[in-house]
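Structure first, commentary second.
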Amino acid sequence: MSTGYLLLDKNSFNGYIECMENYKKEHARLHCANWDAGKCIGCDVRTQDNTLILYIDSKKADKECVIDEGCGYFDRVVVPGIV
Ligand code: SF4
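In this note's numbering, the protein residues as written are 195 to 277.
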């Protein structure tokens with residue numbers, strides 16, 4: 195039965211964390227679908243009761259990309275697709 199979680203061994207986890215810490219705006223520009231000329235569209239996804247929900251994060255929408263301070267969307271959604 196699927197838990198909905200991805201389990202990583204310690205080496206993979208440490209590599210994943212290291213990758214997350216090194217991403218900058220240039221990476222957001224190249225890989226993030228929310229990037230819009232330096233601003234963020236703010237689109238995000240989550241699941242609830244086996245339903246995928248697409249929503250706009252008002253804290254990020256139409257504001258400058260915050261990847262330098264850390265971005266949960268980038269870490270959760272974008273990074274697994276580029277490592
Ligand atoms: S703030 Fe996050 S989601 Fe928005 S453009 Fe930057 S990296 Fe992408």
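Positions of the beta carbon are idealized from the N, C-alpha and C atoms, including for glycine.
Quick one: what's got a C-beta closer than 8 Å to S252's C-beta in the same chain, skipping five residues either side?
Cβ neighbours of S252 beyond the five flanking positions: G236.
As a quick exercise: from G266, N205, F207, pick the residue whose alpha carbon is nearest that of V239.
When only C-alpha atoms are compared, the closest one is G266.
Measure the C-alpha to C-alpha separation of H278 and G264 and round it to an integer number of angstroms.
Outside the displayed range of the chain (195 to 277) lies residue 278, so it cannot be described from this structure.
Let me check one thing: in DSSP terms, what residues is V277 bridge-paired to?
Paired residue(s): none; V277 is not in a bridge.
Measure the Cβ-Cβ separation of H225 and V272 and say whether it is below 8 Å.
Yes, the Cβ-Cβ distance between H225 and V272 is below 8 Å.
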